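In the working numbering, the protein residues as written are 282 to 853.
We put the CB at the ideal spot given by N, CA and C, even for glycine.
Just so you know, these numbers come straight off a predicted model, no measurement behind them.
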């Protein structure tokens with residue numbers, strides 16, 4: 282698979298989306314209806330004056346131009362063409378021409394091994410100039426929280442209330458909890474970067490051709506799943522030797538709760554989800570990894586490892602590694618999101634021409650329980666400096682994306698994409714061609730924008746998928762993008778996902794890192810990972826789980842649980 286295609290489908294980096302429309306004609310934009318000739322204000326001053334009756338400085342286009350700074354963590358797989366760079370490209374030129382906004386880069390860095398977060402932290406601690414606007418992904422949440430606490434970045438809630446368009450506000454209102462982890466004492470200190478609903482909720486992808494040849498049905502329970510895995514391994518329809526088959530491709534190198542090759546649903550069959558905070562029977566938040574149901578799940582994984590149903594190297598496998606046997610044609614089941622028929626599973630036929638993958642529901646445990654982790658509606662945060670002049674200019678920029686890019690009406694100015702020849706191209710008949718066929722190569726130019734993925738309305742993509750699944754012809758940009766560039770089974774898989782909509786459980790703790798988490802969580806995560814691996818691999822007895830729970834509680838877990846519930850009581 283090409284690097285471009287791989288980039289498109291990696292959800293930690295998110296699926297590429299495009300841009301559309303015109304802000305000036307958007308009657309629903311309440312911010313655009315209150316323009317004036319006020320002078321420049323810093324974000325702090327603008328925040329302080331938000332409640333006043335004075336006119337504000339918001340404009341559709343600035344003349345004279347305004348300038349603000351940013352910093353970039355550049356994905357190593359992001360491509361450039363026409364001699365461009367992250368500092369100077371089609372998107373920065375677009376902002377200047379469209380809005381009169383000059384985006385000045387303080388610095389950029391290739392974001393490998395946490396380099397972007399490290400550079401931000403060094404800039405903060407050494408007193409260097411900090412960017413006026415900076416978007417920070419979830420992988421660097423710790424530095425985002427530290428920047429919020431530094432006092433360098435503004436209360437954006439009042440700015441949002443004053444300047445954000447109705448479309449953006451409605452998108453944010455789909456889950457008011459998105460503000461929680463970026464709030465302090467009732468003040469909203471960071472703008473949550475919205476993501477698509479259900480983007481990383483998972484289903485099981487299974488080799489339907491193997492099931493058919495074995496005259497078996499898709500498993501609906503853990504017991505039935507075991508029978509299917511045994512048949513895949515020991516009666517393999519493709520004639521593979523048992524030691525060459527991975528019946529269930531999962532990995533837990535760093536976490537039991539991830540986005541592909543995920544094992545957390547196995548624990549969900551026994552009533553808990555590890556490494557997230559779940560609601561207990563008393564209405565309190567409980568850390569899932571210390572729930573008694575974990576013990577049964579660990580026992581099951583230990584049995585499956587011994588029988589060869591899961592990889593012997595599962596403790597060393599990350600998400601991408603779990604895809605390898607699936608693509609090689611030697612795996613029977615791969616847990617993951619609804620969009621995986623596009624990547625990585627469409628490549629299986631290169632190695633196993635008769636392979637057919639089908640999406641199925643998560644099987645139930647012995648008591649009928651089904652739990653899977655649910656996707657948060659955010660994948661990062663945008664901060665605005667207290668020193669930024671014209672903070673409203675960022676809203677000019679981002680309102681345009683929400684009003685015209687997030688879910689544009691058919692036939693609008695940029696209905697097909699952001700930049701022709703970069704992230705989309707049309708054929709002679711005006712039809713969108715596949716990204717792989719764009720002249721000079723596809724470029725994920727939405728990653729040139731100040732906010733990752735431009736702008737997303739959480740429920741928009743799922744609505745598009747369900748329309749296609751019900752047989753509708755693609756007419757909107759989102760529908761056309763899915764129909765042309767995503768795997769053909771994606772709409773059907775979305776329906777399978779939603780058949781178990783009530784089985785998705787989000788991490789209920791969405792607040793800022795607590796004080797004890799800062800000092801103790803790394804240690805607690807380490808002993809958790811070590812103990813679970815030792816139990817699964819038979820190096821410790823199953824009762825070692827009970828000892829782990831006691832150590833976890835006394836080693837800071839009880840205090841963290843107290844802090845988490847104090848936060849929960851304050852927001853629920």
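- For residue 564, the three-state secondary structure derived from DSSP is coil.
- By the neighbour-count criterion, in which a residue is buried when 16 or more other Cβ atoms sit within 10 angstroms of its Cβ, residue 809 is buried.
- The three-state reading of DSSP puts residue 554 in coil, since its state is none of H, G, I, E or B.
- Residue environment for residue 651: buried (at least 16 other C-beta atoms within 10 angstroms of its C-beta).
- Between residue 490 and residue 635, the gap from beta carbon to beta carbon is short of 8 Å.
- By the neighbour-count definition (other C-beta atoms within 10 Å, threshold 16), residue 831 is an exposed residue.
- According to the DSSP assignment, residue 488 belongs to the beta strand (DSSP E) that extends over 483-488.
- The continuous alpha helix (DSSP H) containing residue 404 extends over residues 396-406.
- Within the same chain, Cβ atoms closer than 8 Å to the Cβ of residue 707 are found at 697, 701, 713 and 714, the five residues on either side in sequence being excluded.
- As the crow flies, the alpha-carbon of residue 616 is around 27 Å from that of residue 395.
- For residue 414, the three-state secondary structure derived from DSSP is strand.
- Annotation for residue 353: 367, 386 and 389 place their beta carbon closer than 7 Å to its own, counting only its chain and skipping 5 residues before and after.
- Counting C-beta atoms within 10 angstroms of its own C-beta, residue 408 has fewer than 16 neighbours from the protein chains shown and is therefore classed as exposed.
- In terms of Cβ geometry, residue 657 and residue 787 form a close pair [threshold 8 Å].
- Bounds of the beta strand (DSSP E) holding residue 349 are 347-355.
- Inclusion of residue 475 and residue 452 in the CB contact set at 8 Å is warranted, their separation being smaller than that value.
- Per DSSP, reduced to three states, the secondary structure at residue 424 is helical.
- One thing to note: residue 556 has its Cβ no nearer than 8 Å to the Cβ of residue 572.
- Relative to the Cα of residue 504, the nearest Cα in the group 358, 782, 346 and 649 belongs to 649.
- With 16 or more other Cβ atoms inside 10 Å of its own Cβ, residue 324 counts as buried.
- Rounded to the nearest angstrom, the Cβ distance from residue 644 to residue 501 is 6 Å, consistent with a contact under 8 Å.
- In the DSSP assignment, residue 786 is bridged to 654.
- The straight-line gap separating the alpha-carbon atoms of residue 842 and residue 507 is approximately 35 Å.
- For the 8 Å CB-CB criterion, residue 816 and residue 554 do not form a contact.
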